[in-house]
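Input: a single structure, listed below in structure tokens.
Residue numbers (this note's numbering), protein chains in the order written: chain D, 1 to 98; chain W, 1 to 438.
Shown next, in the form of structure tokens:
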């Protein structure tokens with residue numbers, strides 16, 4: 001339940017942020033590595049809750065639209081499965097009050 | 001084939017470091033191109049909340065008098081939180097004028113304005129995807145639009161520096177190397193804010209509060225929280241290492257939400273409304289994991305080099321000054337028309353002489369020691385402080401000497417004596433390092 005509360009809390013906070021969303025993802029994961037991953041660090045470390053695991057297939061679902069471009073996921077991923085980059089020029093998060 | 005250079009220097013990244021670097025080049029009449037991926041400089045940046053006067057003046061001189069800051073931070077406090085209360089040290093000086101609270105969007109916008117006025121050619125909305133090399137030396141950058149060529153490229157692309165990685169200047173980061181920080185910008189009526197923080201109604205002064213610990217369920221998690229007052233907003237954020245977060249399977253937002261409920265913090269933000277949430281990494285690589293700072297045709301500066309002293313919340317000043325020194329080093333190479341690694345090594349020598357590498361050196365073990373003693377700092381000592389003040393304040397009609405003796409024996413008995421010895425060694429090592437410096 002606690003984790004669900006946190007997800008809700010993050011979602012509410014993400015609603016305060018302005019984004020210029022690209023139509024394609026800037027975050028790529030190697031799903032083969034994800035299938036073998038037990039820790040699933042990306043699913044709890046990301047401050048924007050970008051990553052979740054599809055229970056049926058075990059694949060990682062990436063909601064790149066919410067990404068805050070902090071880079072935590074790439075460094076924390078124990079399988080080194082995240083090909084991390086910033087969004088293309090002009091796209092992504094736009095902080096005006098931080 | 002000879003290269004047609006578009007500029008004397010290319011700077012990648014328009015944060016405090018990149019803007020400062022390009023300013024120092026332009027002020028000497030050389031052509032500099034400043035490239036940034038975002039639409040508005042500063043719009044992907046966040047920090048605690050203060051930029052420092054001394055470093056700003058080194059770069060922007062008297063223009064700093066017109067900095068559109070929101071408040072001058074002249075009251076600082078450091079608070080150790082336990083589950084039900086706190087122990088606080090506070091220093092306030094109304095004449096202090098060395099730290100300004102300003103939002104990054106406004107800070108970078110102001111800096112860019114001055115840079116452009118001084119001849120910096122600023123190219124926003126453009127992402128550098130790679131560096132161009134010729135005979136082993138960096139000679140330009142490849143962007144999403146076109147290629148730009150210059151004999152020196154200053155890399156100031158921030159903590160996740162993709163270019164430093166591409167040039168193999170830095171090692172791969174591990175979770176131990178990084179703090180993750182998350183922050184909320186909380187809107188509060190200006191009058192309420194000034195009353196709450198005991199600020200004069202002229203609207204100029206502000207406070208910075210640092211908090212240690214406060215969440216007892218994670219006993220050796222070292223976490224710091226910060227609070228800055230702006231004009232009609234409060235910045236409240238937390239920071240914890242990626243290693244600790246991973247260990248406890250914790251999301252940084254959980255810590256932020258928990259600390260907001262702490263009895264010492266919740267009254268400070270009561271009635272406020274979140275208007276922005278943000279997150280950023282803070283490098284803790286420090287002196288022991290210093291990247292290679294120069295190579296033929298390229299210099300690395302700012303967050304991309306891990307230039308930060310998180311103990312003193314200093315980062316923007318390291319960025320501004322390392323950018324300035326990188327700019328000066330590029331000028332030296334231009335004067336001599338020699339862009340080899342050995343000529344550019346002057347940058348490292350300049351950094352060695354400045355506070356940047358001196359401070360990084362003297363604080364090189366502090367973060368590690370704090371992490372290794374985090375159980376003492378976040379749990380044991382706050383508990384002992386609580387016991388101590390309970391004796392002082394209990395007025396329980398019992399003899400004080402008996403209380404004090406009991407406190408003293410428990411202080412030693414409650415924990416393995418070796419733990420206390422380890423604490424003493426760790427803290428004195430840090431203190432001696434910082435005191436004697438280099």
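Glycine residues also receive a C-beta, built at the ideal position from the N, C-alpha and C atoms.
Item, Value
"Nearest candidate by alpha-carbon position, reference residue 37/W, set 342/W, 130/W and 403/W", "130/W"
"Backbone secondary structure at residue 283/W - three-state DSSP", "strand"
"Residue 104/W: contacting residues in chain C (beta-carbon distance under 8 Å)", "No chain C appears in this structure, whose protein chains are D and W."
"Pair within 7 Å by beta-carbon distance, residue 302/W and residue 150/W", "no"
"CB contact flag (residue 64/W, residue 57/W, <7 Å)", "yes"
"Complete beta strand (DSSP E) runs within the stretch 65-127 of chain W (minimum length 3 residues, chain order)", "71-81, 86-92, 99-101 and 121-123"
"Sequence-distant residues of its chain with Cβ nearer than 7 Å to residue 370/W (five each side left out)", "222 and 377"
"Beta-bridge pairing of residue 440/W - partner residues as DSSP gives them", "This structure cannot speak to residue 440/W, because chain W is shown only from 1 to 438."
"contact_flag[the stretch 231-246 of chain W, the stretch 47-57 of chain D] where n(CB pairs < 8 Å) is 3 or more", "no"
"Beta-ladder partner(s) of residue 218/W, from DSSP", "According to DSSP, which records beta bridges pairwise, residue 218/W is partnered with nothing at all."
"CA-to-CA distance, residue 244/W to residue 372/W, given in whole angstroms", "11 Å"
"At least three beta-carbon pairs within less than 8 Å, the stretch 332-339 of chain W to the stretch 419-436 of chain W", "no"
"Chain-ordered neighbours of residue 182/W on chain D, where CB pairs are closer than 8 Å", "47"
"Residue-level contact to chain D via CB, residue 279/W, 7 Å cutoff", "yes"
"Three CB pairs or more closer than 8 Å across the stretch 293-313 of chain W and the stretch 186-203 of chain W", "no"
"Residue 327/W, enclosing alpha helix (DSSP H) - first and last residue", "316-336"
"For residue 143/W, the residue or residues it bridges with in DSSP", "128/W"
"Range covered by the beta strand (DSSP E) that runs through residue 41/W", "That residue, residue 41/W, is in no beta strand (DSSP E); it is neither H nor E in DSSP."
"Of the listed residues 306/W, 237/W, 254/W and 154/W, nearest to residue 170/W (C-alpha basis)", "306/W"
"7 Å Cβ cutoff, residue 16/D in contact with chain W", "yes"
"Below-7 Å beta-carbon distance, residue 175/W vs any chain D residue", "yes"
"Backbone CA spacing between residue 281/W and residue 112/W [nearest angstrom]", "23 Å"
"Exposure label - residue 108/W; buried when at least 16 CB within 10 Å", "buried"
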